[in-house]
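Protein chains in written order, with the numbering used here: chain D, 88 to 859; chain R, -11 to 137.
Each residue gets a CB set at the ideal place from its N, CA and C atoms; glycine is no exception.
Structure first, commentary second.
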C-alpha cells in the first residue's frame, strides 16, 4: 500500500458539522421567501387522451397566478433522462402533452401564492378524458394493438432500436463467437429465467426545485439534481431559451441514487417564473416521489450457461426484456449494462450472446438507479452460476475462482458494448477479485457454515455468495473539470462541476487536491456545482465521480503545483528544477519562501496577478471495481421468515480516497440491495394505480434490517485512477439479490426466481418443488 | 388562533390555523426542519417536545401551547459533538436526516444512562436513512454515548 498524507485517511466529511447543526443548504431551504407554490395536476388514468381541459375556474381563484397545460407550453419533444448530448434515450416526452401515459402523469401545473390555494386550483381544473386501454404487463407490450406513443414529433437521437409503433423504446443485440455451436460441445448446460421488480429510490429529500429571475434578468434554477450542466442544456433547448440565459445551481442534495439525474418540477418552475416574473418553488410530496418520478427497470432475464467437464465455463447466452414504463429514460443504456457490466465477470468463455428489447408500458417511467442494470443482470448470472456448479458437482466458489476475471485480462465485451454505443477495449490493470473471494470466504466462515446448519427446531442457518463488477465512468463521453485558485493566506479555492449528492465527492476531491499540493484539508475550500461559477462536469452518475471528477481534480492540482513552483522560482530567483515544496515552504539554494508570503505578494506587492488553473479529464477506460459478497442468513423453515445475520463485502475499488466514505458507499449499497432482494417492491392495482406510494406501504431497510455488516477493501492500486482509486458508488448494490437467492437455496433447496425474495415467494417455490 | 410556546429557549407566538401542524408553522423560520414524507413515517422532521422526540409533521401546533420545543438550533453543542462522532465513523452522507438524528441521540442520552445495543437500535429505528447501512451511525452513537472516545 502506498503511503499518503491526506488520501486514504478517514477525514470527516467537509459538510458534516454544518449539516448536522442544521444550516440551510438544501434546495428548498434556499427558495425565495413568498415564492409562488407550483403544484401539478396528475392523471387518474393509466392511459388517456385529454379531449378537453378547462382551466377558467382555476384561473379565477384569487391567488392563482399561472396555469400551464399542453395548450400553452412549448411542444418540443425531449428526454428527461439528464444525460449527455446526444442522449441515448429517445425524445419521447413533452413538457405537457394531450396524452397521459400512467396514473400520475402530468396534466397541468398551477402556481399560486400558497400551497392551499394551489391545491384548491387543481380541483377546479376540469378535464375530459378519452380513457384508453393501458398495457400493464410488459410481456404483452411488443406489437400490442395498443400503441403507447402514437404521437408525431418523437424521435431517437441516433439508432437505438426505437420503434414506438411496436411499443419498443430501444433494443440491442450482440454476440461473440457462435453460442449455439459452443453449447452443443458443452457437457453441462443450464438455463434459468428470473424476474426483477420495480424498486423505488426513496431518497429522503423529496425532489425539489425553485426558480427566480436575477438582476440580469436571467433565469436561475435551484435544483436537487445530479446533473446541473445537462439540466441547463436540456431546459434551455426545450423551452427555446439561449443557454446563457439559464443558470442552474445545485445546492446540497439529500440523496439521489440515480433518481435525481432526471427532471422533476424544473420545467414548470422555469415556465412559471418566466411568465409571472415571480420566484416559484416546487417540492414533490412523498406520494409524488414514489408515484410520479422513476423506478428501477423491471426485467425478465433468461440466462443460459454452458460448461465442459474440465470445469471451464464455455458460453453464456443472456436474453432480457426490460420495462421502461411510460417514457424511455435510460431505456437502452440500463439494458446494455445488464450485459456489459455483468457478463465480462466470466471472461474466459468461447462465446457470449446478449440481447432483447426495452418496452413501453403504462407504468411509472423507469430511469437511472444505482446499479443501473448490473443488479438485475448480476442476480440472473450469479444465481445461475450456483445452479451450474451444483449440476457439475463442483464447489460454487471454485467454479467462480477458476472462471472469473483476473488482473491483466480482458473481455471482448468491453470493446463491443459501451453506453448506448460501441465500447472501449481495456485490460484490467487492477483486479483483486481472487483476493476478495478468498477473504470473504474467511470472514463469513464459509468452510464451517456451507451450505447449512440446523440451529434449533425449524431454524436453519445458511450461507450464500456472489461476485460482481461495475465501472468507473463512461470512457470518451464523461468529462469533468476542476478550477483551483490560490487565495492570500495560502489556501485554495476549488470549484468543481462534480455533483455531491451525499456520496461525499466534495470531501474526496478536496482530499485529492490536498494530497497533491501537500496541504491540509482546512486549506481547501470547495464549491460545487453551479453552471455559472464552476467548470463543466457531466454529473454524478455511472460511478464516475471518484475516477472521472477525481482525475480532473488531480490534473488541476498537478498543474497548480507546477505553477506554484514557477512562481516561487521567479520570486526566489532560482531555477524551477531547484525548488522543493512541502506544502508550506518553498526551498532552493539555501533560500526559502512560504506559500503564505507567495500568495500575498502575488495579490498585493510583486508582479501582481491571480494564480489559478483549470484542468479536465475524460477517461479512455472505465476500470471496474470488483467485489465478493457473502451472507449468512437464519431462516424459519415453517414460516420462511429470514434474517440476515452478517453481510460480508470485500471490495476492490483501488485506493480508498476516504475509507470511511467508501465504506459508507458500500454499506449503503448493500442495504439498498438487500431491500430490493428481500422486500422492496413497487406495486400497482390492476388498473395501474400505484399502491406502494408511502413509507408505510413501501418499506425501506431500517437499522434493524441486518444484524451485522462486515466491509473490507482489498489492497489495490489502479494506475489510471487518482492516487490509484476507482469508483465505488454502485458496486455495493449488485450482489445482494443473488447472494440471498443462493443462501435461501442452500438453506431449503429451493430457488426463488423472482424478486423480492419474500416468505411468500419462498413458500411458492417450496410448494412448486413438492408438487414435482 | 394564537399559540405561545418556547422555541429553543425563547418565547414565541404564532397565529395559526386550528388544524396546522408544527412542521408547517415553523418550516420557514427554522431551516433545520425538513420534510421527508407526508405520513409520519420517516423521522426527518423530529423535534423535541418537552425533551421527548416527536414528529413535527403530525404534531398539532395548537398542542404546543405552553410547552417547550427544541430543534437542532437549540442543541448546537450537542450537534457539533454528534457530528464529530459521525465524522470519525464515516457516517456522513447526504445529511438530510442528520439533524433529526442529533435530536434523537440527545434524547436517548437523557433517557438512558448506559443503553444496551438493543435499546439504542429501538430508539433509532423510526429515523430512516437511505444512504448509510446504519452501522456507521450506530457506531457513532456509541462513540457519542461513550464520551467521544
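If you keep only unbroken beta strand (DSSP E) runs of at least 3 residues inside the segment 182 to 235 of chain D, you get 193 to 199 and 213 to 218. The C-beta of residue 290 of chain D comes closer than 8 Å to at least one C-beta of chain R. For the segment 726 to 783 of chain D, the continuous beta strand (DSSP E) assignments of 3+ residues that do not extend past its boundaries occur at 729 to 739, in sequence order. Around the beta carbon of residue 638 of chain D, a 10 Å sphere encloses 16 or more other beta carbons of the protein chains shown; the residue is thus reported as buried. For chain R, none of the residues of the segment 378 to 411 of chain D brings a beta carbon within less than 8 Å of one of its beta carbons. Contact between the segment 540 to 560 of chain D and the segment 599 to 614 of chain D is not established, with fewer than three Cβ pairs separated by less than 8 Å.
In this chain, the alpha helix (DSSP H) harbouring residue 421 of chain D covers 418 to 427. Exposure of residue 514 of chain D is indicated by the presence of fewer than 16 other C-beta atoms within 10 angstroms of its C-beta. Straight-line spacing of the CA atoms in residue 739 of chain D and residue 801 of chain D works out to 5 Å. Secondary structure of residue 589 of chain D (DSSP, three-state): coil. Residue 0 of chain R and residue -10 of chain R have their C-alpha atoms spaced approximately 10 Å apart. A direct Cα-Cα distance of roughly 35 Å separates residue 307 of chain D from residue 215 of chain D. Nearest CB-CB separation between residue 821 of chain D and chain R: not below the 8 Å threshold. Taking a 10 Å sphere around the C-beta of residue 691 of chain D, we find fewer than 16 other C-beta atoms and assign the residue as exposed. Between the alpha carbons of residue 54 of chain R and residue 2 of chain R lies a distance of about 12 Å. Separation of residue 579 of chain D and residue 628 of chain D (C-alpha to C-alpha, rounded to the nearest whole angstrom) is 27 Å. In this structure, D:184 is the residue among D:184, D:118 and D:120 with its C-alpha nearest to the C-alpha of residue 139 of chain D. Within the segment 227 to 300 of chain D, the complete alpha helix (DSSP H) runs of at least 4 residues fall at 266 to 272. A Cβ of chain R is located within less than 8 Å of the beta carbon of residue 340 of chain D.
Taken in chain order, the members of the segment 733 to 756 of chain D whose beta-carbon sits within less than 9 Å of a beta-carbon on chain R are 734, 745, 746, 747, 748, 749, 750, 751, 752, 753, 754, 755 and 756. Burial check for residue 221 of chain D: the Cβ neighbour count within 10 Å reaches 16 or more, so the residue is buried. For residue 109 of chain R, a Cβ of chain D is located within less than 8 Å of the residue's own Cβ. Taking 8 Å as the cut-off, the Cβ atoms of residue 374 of chain D and residue 318 of chain D do not count as close. Contact with chain D is absent for residue -4 of chain R, since none of that chain's Cβ atoms lies less than 8 Å from the residue's Cβ. Using a Cβ-Cβ cut-off of 7 Å, residue 94 of chain R is close to nothing in chain D; its nearest Cβ partner there is about 11 Å away. If you check each beta-carbon in the segment 52 to 83 of chain R against every beta-carbon of chain D, the ones closer than 8 Å belong to 59, 60, 61, 64, 67, 68, 70, 71, 72, 74, 75, 76, 77, 78, 79, 80, 81, 82 and 83. Within 7 Å of the CB of residue 112 of chain R, the CB atoms of chain D belong to 790, in sequence order along the chain.
Within 7 Å of the CB of residue 100 of chain R, no CB atom of chain D is found; the nearest one sits about 16 Å away. In the three-state scheme derived from DSSP, where H, G and I count as helix and E and B as strand, residue 513 of chain D is classed as coil. For residue 350 of chain D, there is no enclosing alpha helix (DSSP H), as DSSP gives it neither H nor E. Taking every protein chain shown into account, the CB of residue 9 of chain R has 16 or more other CB atoms within 10 angstroms, so this residue is buried. Flagged as an interface residue toward chain R: residue 102 of chain D, by a C-beta distance shorter than 8 Å. By the rule that beta-carbons nearer than 8 Å mark a contact, residue 19 of chain R touches chain D. A straight line joining the alpha-carbon of residue 440 of chain D with that of residue 253 of chain D spans about 24 Å. Residue 33 of chain R is outside the set of residues whose beta carbon lies under 8 Å from a beta carbon in chain D. Between the segment 461 to 473 of chain D and the segment 821 to 831 of chain D there are three or more inter-stretch CB-CB distances shorter than 8 Å, so the stretches are counted as touching.
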